[in-house]
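Working notes, structure below.
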Amino acid sequence: MSITSSLTSATLCRSLVSPKALACSNAFPSNRLSNPFESSKLCLTANPKKSIALVQGIRCHAMQVETREAFTAGKKFQLSDVIEGQQFDREMLSAIFHVAREMEKIEKSSSQSEILKGYLMATLFYEPSTRTRLSFESAMKRLGGEVLTTENAREFSSAAKGETLEGIPSCQLNYCQYTCYSNIVVMRHFESGAARKAAATANIPVINAGDGPGEHPTQALLDVYTIQSEIGKLDDISVALVGDLANGRTVRSLAYLLAKFVSPEIVKMKDDIKDYLTSNGVEWEESLDLMEVASKCDVVYQTRIQRERFGDRLDLYEAACGKYIVDEALLGVMQKNAVIMHPLPRLNEITADVDADPRAAFFRQAKNGLFIRMALLKLLLVGCKVIDVNLRFRTTGSVIKLRAQLQLGEIANSTT
Amino acid sequence: MSITSSLTSATLCRSLVSPKALACSNAFPSNRLSNPFESSKLCLTANPKKSIALVQGIRCHAMQVETREAFTAGKKFQLSDVIEGQQFDREMLSAIFHVAREMEKIEKSSSQSEILKGYLMATLFYEPSTRTRLSFESAMKRLGGEVLTTENAREFSSAAKGETLEGIPSCQLNYCQYTCYSNIVVMRHFESGAARKAAATANIPVINAGDGPGEHPTQALLDVYTIQSEIGKLDDISVALVGDLANGRTVRSLAYLLAKFVSPEIVKMKDDIKDYLTSNGVEWEESLDLMEVASKCDVVYQTRIQRERFGDRLDLYEAACGKYIVDEALLGVMQKNAVIMHPLPRLNEITADVDADPRAAFFRQAKNGLFIRMALLKLLLVGCKVIDVNLRFRTTGSVIKLRAQLQLGEIANSTT
Amino acid sequence: MSITSSLTSATLCRSLVSPKALACSNAFPSNRLSNPFESSKLCLTANPKKSIALVQGIRCHAMQVETREAFTAGKKFQLSDVIEGQQFDREMLSAIFHVAREMEKIEKSSSQSEILKGYLMATLFYEPSTRTRLSFESAMKRLGGEVLTTENAREFSSAAKGETLEGIPSCQLNYCQYTCYSNIVVMRHFESGAARKAAATANIPVINAGDGPGEHPTQALLDVYTIQSEIGKLDDISVALVGDLANGRTVRSLAYLLAKFVSPEIVKMKDDIKDYLTSNGVEWEESLDLMEVASKCDVVYQTRIQRERFGDRLDLYEAACGKYIVDEALLGVMQKNAVIMHPLPRLNEITADVDADPRAAFFRQAKNGLFIRMALLKLLLVGCKVIDVNLRFRTTGSVIKLRAQLQLGEIANSTT
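Protein chains in written order, with this note's numbering: chain A, 156 to 571; chain B, 156 to 571; chain C, 156 to 571.
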């Protein structure tokens, strides 16, 4: 078992340039968190539920960022919030994936788990997403917890009454009121940064289930978990991203992990991601030839062209849509052990005849979302003893390599 | 107790012309299912929950249609899907009604049932229907199960993102993804045939809770169960259907059972149902005189004229609406043991003074929906031992008679 | 402990003029309820769940108003419905608040309560209100009960199919059908009086969670409970209502308790409330100077100007909005032990810097809503033994005083 089995691209990238992240694997367990991301709060509370009550006279506020002493045997490892993919270092990912594997066993056994009995999760969806919501709610219920649900808080609640994020200081948001009702909040919002603002004012854990064009960290986690499960490793692999790379939140989050890009010119990956990859030493390549790329990659990550992102520009939508299709012909050139992934829902960008191929991993990928979310809920609400994940953490010294091509493809003018 | 106490019209009609259905009651239990309906899958799995996990590399797929050996003492009787009324033969109905009566006892006792503890049901409603949804969810919770709910998946989820049924092969639908999250799916859809397609791709049970102008089998089951409970038999009875016979899904499903029609000319029963009844030897009659018909029938089944089915044609709606009202005058001519049924919600097609009459059966009918749905959930998720329903199945030799008038009424030109 | 710690304004006002209410505290426990409000039904049923089944042949109907023998030691105190603030006399409020304090302990303990295990609550929201709905659902789940939820029944259900309250006799409404599915209904409706009509036809308890411009009794209860908790008493206090006094349902309900009004002229308190207060001997004052009023009051109750109540008249909205802001300057003139309340959600009528002040009570107020709703659910579904609240009821003889200024301010022409 190698520690390299669990890392995000961001961590990965940074690990190539940052002494902190590299030191992390060498100097464990004396490592201290000096994470610059304000959302990467870790705490070692004995019982997080106890700390929910509003302090007399003090407005509800985020838990203080505590110095982490995690990963010392016998100590408890507990997440505070899940806001963005970048907050996770390799140790944390390793711990999360370890718990996710435990969750697979729980889900497969017929017995009802009561790990989260007595805990309430509120799903605050200001933008509808049935799949993501049901995945979280199923995860909570599989662990014996209860759920308060909103299917479309934007239309149905105070957002319709004039409550927006624009121009309002985060501390003035009313999200923290929901902390009265539940022990944890899963939040989907139409504005980038909403989850971070909510986490800053809430005194219970907040999970970002997607914030507009921003982040979707649980999707990124399940994608990485799936690659690890399917390919067996995360280093020395190449991934082809296909589809709407400019607008897709999912693929943007995962892009940190990528080496090869394939997308219609209309919806190319935006320059910020490219710059990020380049500046972090990740080799990447932009291509218009899906067949050629697919023949060389370990993972073909297909995505949907999202009609709703194009507004009235149906001409652009139709031009982009269906340009790159994963079908039996593509399967023919793919390597034997490569896999096809897709965040779902798909339309016709993957043809039906692909489904029966063992390399079609997208339904297994969806199921992995359940396990990752079960793991996160456990780690946010009750934590786990480090003893559980000790073995994984003790593996040190592995060399992280991402061999990616740094041949920059021609960059078409981005039309979006 | 007579086996004739449990049969749908479809079965009934067919039993008059088909040796199979008649043989069924004589040659039991050596009977083998040779059901032509692809949705009538029966299986004898030991634990259906165990089989939910996606097989490695194989897309999720429907369970194979197995040859049924049901109704052999000691064997388990378990439904696979509930897609359409026609899938049920008399034995299955008898078993379902037997379990429904058990459910009445469970619901009336204060003790919390744990029959379905640990099971998750997802209600996927692509078209809103609060009553039907709450009835299913109540049924699941009364049995100790848990629920994942969507109030309007069409507006809120991938349907809004372009996912439709048109032109997409059923195997390419993404319903099966939901099987990751739950152990059973209750589905309402705006397109006819949607539930059948979903069942074909899902590896967990699917219940059709109404698919557009198509079927609404659980409503048909509860209607028949109510007639059986109220009248005490299903043979030799006559039923008057009143209201929107052209557009009402409920009444179309039940029409297979009918003998007499009363409806405004604007919204007469469509020809396909009439032809079906005629070709199956069911006597039926179309009438414009509700009083005369009601005086002779065992059941007056009133329905709502659905405004939304008329679109802009408010003139037609208003002409049809309120033409036939069930009121105290009608009660005056009805037989002492006849009953008034209505699928609810009602507007003013039944006046308030009717409610207090013992013959007003519509609230009891609604409650029966709870029992039927509890029974179906039990039979789909855990099944029941045939020993339970053995006595009912042993009753054989009863003669099924449907004495209906074959005086064809004048058929007005259908305007819809 | 003083009995005056628990009374609504309505009761309070009436207690100044009505012998009944005053006698209530003196002549206890021989007091008999002779409540003129039809919704103030009290019953002493042994097990309310048992009485849910529809009586054969009789439409579902409201429980009979029984003569109350409550508050006799050893007897059970059980509410029947919660329809309007006026239904509660001081004893009932005292009992409710007593149970609410028990609920605080349950909520703070980690152990899962099973007080309402096996009970089902349906939230029928014909108008969306995420906060109120989640508060009720959280309350039910904290007590071990289960929830059936509708986020927007108006849009999604039969209301969209033509079912309205206009012109339909209450007995013809179909709410009682929902009694098939649950043990208690929490109802939010867009029409005033809807909850009362539903309660009249339902044979299970109904809680009014807001009915259009009508009542919102649980909000009024939690407001009074908060004032009691924060100020320590309810007599001899003065409350400043600020904001949209004409349109806000919350503040109208609470207005019965008020002494001082501050509101922009555009949205003054309507005359009916003023007349009510005057005719009941409550001194009140209308002012345009928030600073002056705030310096003298025990409670500053700020409310939101609701944009949606103004329709197209954005000019009026903008004129009214932001005219009176609670900020640090206001905190500077407020008394040391006074508190700021707000029903939430707030926009910018309370600035963010106020949140950290101990006098900012609005988040504690929201949490109190959870305790009040837990208490009501307990009292409606299983009741409590009077022995529990005996001590409070034995306190008699307290003198209720509401010293309020009777200097009528100038009344601007109401534009709404």
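By construction, the Cβ of each residue, glycine as well, lies at the ideal position given by its N, Cα and C atoms.
In this structure, C:289 is the residue among C:423, C:494, C:289 with its C-alpha nearest to the C-alpha of residue 304 of chain A. Buried is the label assigned to residue 268 of chain A, since at least 16 other Cβ atoms lie within 10 Å of its Cβ. The DSSP-derived three-state label of residue 460 of chain B is coil. Here residue 454 of chain B is near residue 392 of chain B, since their CB atoms are less than 8 Å apart.
The alpha-carbon of residue 521 of chain C is positioned some 10 Å away from that of residue 287 of chain C. Ranked by Cα distance from residue 396 of chain C, the first of C:449, C:538, C:472 is C:449. Inter-residue distance for residue 380 of chain B and residue 388 of chain B is about 10 Å (C-alpha atoms, whole angstroms). Using a C-beta cut-off of 8 Å, the stretch 346–361 of chain A makes contact with the stretch 228–240 of chain A, since at least three inter-stretch Cβ pairs fall below that distance. Taking CB atoms only, residue 255 of chain A has no neighbour in chain B less than 8 Å away. A direct Cα-Cα distance of roughly 11 Å separates residue 376 of chain B from residue 247 of chain B. Two segments are said to touch when three or more pairs of C-beta atoms, one from each, lie closer than 8 Å; by this definition the stretch 525–542 of chain B touches the stretch 252–262 of chain B. Close partners of residue 259 of chain B in chain A (Cβ separation under 9 Å) are lacking, with about 26 Å as the shortest Cβ gap. Residue pairing for residue 515 of chain B: DSSP places it in a beta bridge opposite B:495.
When DSSP reads this structure, residue 366 of chain A sits in a beta bridge with A:344.
Just so you know, the alpha carbons of residue 434 of chain B and residue 383 of chain B end up roughly 25 Å apart. For residue 305 of chain B, no CB of chain C lies under 8 Å from its own CB, so it is not counted at the interface with that chain.
In the displayed model, residue 280 of chain C falls within a strand according to three-state DSSP.
The three-state secondary structure of residue 235 of chain A, taken from DSSP, is coil. Against residue 267 of chain C, the close residues of chain A are 272, 273, in the order they occur along the chain (beta-carbon pairs closer than 7 Å). Look at the stretch 290–301 of chain A: the residues with a C-beta under 9 Å from a C-beta of chain C are 301. Boundaries of the beta strand (DSSP E) harbouring residue 395 of chain A: 394–397, taken from the DSSP string. 8 Å or more divides the Cβ of residue 359 of chain A from the Cβ of residue 342 of chain A.
Around the Cβ of residue 487 of chain B, a 10 Å sphere holds fewer than 16 other Cβ atoms; the residue is exposed. Beta-carbon to beta-carbon, residue 279 of chain B and residue 308 of chain B are separated by about 5 Å, close enough to satisfy the 8 Å threshold.
From the listed residues A:479, A:490, A:235, A:484, the smallest Cα separation to residue 355 of chain A is found for A:235. If you ignore the 5 residues before and after residue 509 of chain A, its C-beta comes within less than 7 Å of the C-beta of 481, 482, 483, 486, 495, 515, all in its own chain and listed in chain order. B:301 is the residue among B:283, B:285, B:297, B:301 whose C-alpha sits nearest the C-alpha of residue 277 of chain B.
Among the residues facing chain B, residue 400 of chain A is not included, as its CB has no counterpart in that chain under 8 Å away. Between the beta-carbon of residue 539 of chain B and that of residue 493 of chain B there is about 33 Å, and that puts the pair past the 8 Å contact cut. Using beta-carbon distances, residue 357 of chain A does not count as an interface residue toward chain C, since no partner is under 8 Å. About 17 Å separates the CB atoms of residue 524 of chain B and residue 457 of chain B; that is not less than 8 Å, and the two are not in contact. Across the set C:446, C:367, C:252, C:431, the C-alpha of C:446 shows the shortest separation from the C-alpha of residue 479 of chain C. According to DSSP, residue 539 of chain C shares a beta bridge with C:232.
Taking the C-beta atoms as reference points, residue 357 of chain C is found no nearer than 8 Å to residue 291 of chain C. The beta carbons of residue 528 of chain C and residue 373 of chain C sit closer together than 8 Å. About 16 Å separates the beta carbons of residue 337 of chain A and residue 264 of chain C, which is beyond the 8 Å limit, so they are not a contact pair.
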